[in-house]
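S.K.:
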Amino acid sequence: MTELPLIGEASTVAAEPPLAGARIGVVTFPGTLDDRDAARAVRLAGGTAVELWHADKELGDVDAVILPGGFSYGDYLRAGAIARFAPLMSKIIDAANSDAKLPVLGICNGFQILTESHLLPGSMIKNDHLKFLCRDQVLRVENSNTAWTVDYQAGQEITIPLKNQDGQYIADEKTLDALEAEGRVVFRYVGFNPNGSRRDVAGISNAAGNVVGLMPHPEHAVEAGFGPESLDGVGGSDTDGLGFFTSVLTKIVGGK
Amino acid sequence: MPRIVVDVMPKPEILDPQGKAIVGALPRLGFTSFSSVRQGKRFELTVDGEVTEDILAQARDAAETLLSNPVIEDVVNVEVIEA
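So the sequence lines, in the order shown, correspond to chains C and L.
When the letters of the first sequence are read in order and numbered with the numbering used here, they come out as residues 1 to 256.
When the letters of the second sequence are read in order and numbered with the numbering used here, they come out as residues 1001 to 1083.
Rendered as structure tokens:
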């Protein structure tokens, strides 16, 4: 086992050109937990991770942004409701809606922030069984054309960790029908719906496909020896989540 | 000092998992007359001085933008309570 990389040594993963030229911002809010894992995932995919602070007034020089998981503001009021009004969020919302179509990925609490920001439709409420749930979850990639899924095949099944309490995705029937018709249901739970989400929705995108949000955590499945396969052998591989981060790098480098 | 009370409830068509858990617990304590519970939120906004029409309008605006999420919740009441 000695050949496996150590979790604490992110700095030893040196990014190489041209991917290293792609700068992916990772936003930290008060109460964010998974910012370091998200930054590490970016580095393992070959990109350069840029730390961003929620109170920053400017977005700076980044090619994409990740809103990581955690409990921003302790989930007070509603999950993501206060973080959504952070100074940096207004810049991210503008950039995501601009012609440049800044790629934005919201993971778990980041997904909740995206729905509260109205960058993505619908909302998240408490899991239907009311419990916090942590498990390795099988997802089907329904749309491989978004900025964050181009390195997957449509219909591909991946296994990544899921851990949340407010994970039940809801929207009215009209919105759900529109999401389905436009191919904006990007990920669906397979085999088991862990939270009562409508139509087994695990993740969605905006119309342009640059903004994607999902409840499970791809950044926790990017490294051999530390992913779902090593823990309980449910299938997939340890690195099923890495495709999110290579996808956006492919998109950025290809588009330059 | 006067307070502006804002009441927010989950929309009727939204399943309220917390209310469901509470309605399940009531009969265990012998409260058998209640067929449904829905749990909402009450906010109290304290105002230093008089509540003008402008301040009340600000409260309504805050209720719609921050205190509630229109996708899942309704603002069911905004009223002034004189202390």
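Note that beta-carbon positions come from the ideal geometry of N, C-alpha and C, so glycine has one too.
1) Looking only at DSSP bridge pairs, what is LEU139(C) linked to?
2) Should MET1001(L) be labelled buried (16 or more other beta-carbon atoms within 10 Å of its own) or exposed?
3) Quick one: what does DSSP say LEU88(C) is sitting in, helix, strand or coil?
4) Which residues of the region 127-150 of chain C have a Cβ closer than 9 Å to any Cβ of chain L? Give them in chain order.
5) For SER197(C) and chain L, any beta-carbon pair shorter than 7 Å?
6) Quick check on this structure: which residue in GLY46(C), THR246(C), ARG23(C), GLY70(C) has the alpha carbon closest to the alpha carbon of LEU59(C)?
7) Out of curiosity, what's the CA-to-CA distance linking PRO216(C) and PRO1010(L)?
8) Would you kindly work out how many angstroms separate the C-alpha atoms of PHE29(C) and ALA55(C), rounded to a whole number?
9) Thinking C-alpha only, which one of GLU157(C), CYS134(C), VAL186(C), ARG184(C) is nearest GLY167(C)?
10) Listed in chain order, which residues of the region 1015-1027 of chain L have Cβ atoms closer than 9 Å to some Cβ of chain C?
11) Is the shortest distance between the beta-carbon of ILE1004(L) and the beta-carbons of chain C less than 7 Å?
12) Which residue from ASN1077(L), ASP1048(L), GLU1050(L), GLY1049(L) puts its Cα closest to that of ALA1062(L)?
13) What is the DSSP secondary structure of ARG23(C), counted as helix, strand or coil?
14) What's the gap between the Cα of GLU157(C) and the Cα of ALA83(C)?
15) Going by DSSP, what residue range makes up the beta strand (DSSP E) through GLY106(C)?
16) 7 Å is my cut-off, CB to CB: does VAL1037(L) come that close to chain C?
17) Kindly say whether VAL1075(L), judged by its beta-carbon, lies nearer than 7 Å to any beta-carbon of chain C.
18) Measuring alpha carbon to alpha carbon, tell me which residue in ASP177(C), VAL42(C), LEU67(C) is nearest LEU88(C).
19) Where does the unbroken beta strand (DSSP E) through VAL62(C) begin, and where does it stop?
20) Distance check for ASP200(C) and PRO1017(L), CA to CA, integer angstroms please.
21) What do you get for ASP151(C), buried or exposed, if any count of 16 or more other CB atoms within 10 angstroms of its CB means buried?
22) Does DSSP put ASN210(C) in a helix, in a strand, or in coil?
23) What would DSSP say about PRO1027(L), mapped onto helix, strand or coil?
24) In the DSSP assignment, the beta strand (DSSP E) including THR1046(L) goes from what residue to what residue?
25) Is the shortest distance between the beta-carbon of SER123(C) and the beta-carbons of chain D less than 7 Å?
26) When Cβ atoms are compared, which residues of the region 16-34 of chain C fall closer than 8 Å to chain L?
27) Less than 8 Å between C-beta atoms, sequence neighbours within five positions excluded: which residues of the same chain meet that for GLY196(C)?
28) Can you check DSSP and say which residues form a bridge with ASN1077(L)?
29) Taking the C-alpha atoms as reference points, what is the distance between ASP1074(L) and VAL1008(L)?
30) Residues in the same chain with beta-carbon distance under 8 Å from VAL253(C), minus the five sequence neighbours each way, listed in chain order, please.
M.R.: To lay it out plainly:
1) Paired residue(s): ILE158(C), TYR189(C).
2) Counting Cβ neighbours within 10 Å, MET1001(L) comes out exposed, since fewer than 16 surround it.
3) Helix at LEU88(C).
4) The region 127-150 of chain C vs chain L, Cβ under 9 Å: ASN127, ASP128, HIS129, LEU130.
5) Closer than 7 Å: no.
6) Here the closest residue by C-alpha is ARG23(C).
7) For PRO216(C) and PRO1010(L), the gap between their C-alpha atoms comes out near 25 Å.
8) Taking the straight line from one Cα to the other gives about 8 Å.
9) Relative to the Cα of GLY167(C), the nearest Cα in the group GLU157(C), CYS134(C), VAL186(C), ARG184(C) belongs to CYS134(C).
10) Answer in chain order: LEU1015, ASP1016, PRO1017, GLN1018, LYS1020, ALA1021.
11) By the rule that beta-carbons nearer than 7 Å mark a contact, ILE1004(L) does not touch chain C.
12) Among ASN1077(L), ASP1048(L), GLU1050(L), GLY1049(L), the Cα nearest to that of ALA1062(L) is on ASN1077(L).
13) In the structure shown, ARG23(C) sits in a strand (DSSP, three-state: E or B).
14) About 32 Å.
15) Per DSSP, GLY106(C) is one residue of the beta strand (DSSP E) stretching across 104-107.
16) Output row for VAL1037(L): interface = no.
17) At a cut-off of 7 Å between C-beta atoms, VAL1075(L) does not count as an interface residue with respect to chain C.
18) Residue LEU67(C) is the option with its Cα nearest to LEU88(C).
19) From DSSP, VAL62(C) is part of no beta strand (DSSP E); its letter is neither H nor E.
20) Distance between the alpha carbons of PRO1017(L) and ASP200(C) is about 18 Å.
21) Taking every protein chain shown into account, the CB of ASP151(C) has 16 or more other CB atoms within 10 angstroms, so this residue is buried.
22) For ASN210(C), the three-state secondary structure derived from DSSP is coil.
23) It is helical.
24) Per DSSP, THR1046(L) belongs to the beta strand (DSSP E) from 1041-1046.
25) Although the question refers to chain D, the structure presented lacks it and instead comprises the protein chains C and L.
26) Within the region 16-34 of chain C, no residue qualifies.
27) Leaving aside the five residues that flank GLY196(C) on each side, the residues in its chain whose CB is nearer than 8 Å to its CB run, in chain order, ASN127, ASP128, HIS129, GLN168.
28) In DSSP, ASN1077(L) forms a bridge with ASP1007(L).
29) Distance from the CA of ASP1074(L) to the CA of VAL1008(L), rounded to the nearest whole angstrom, comes to 6 Å.
30) The residues are PRO18, LEU19, GLY21, ALA22.
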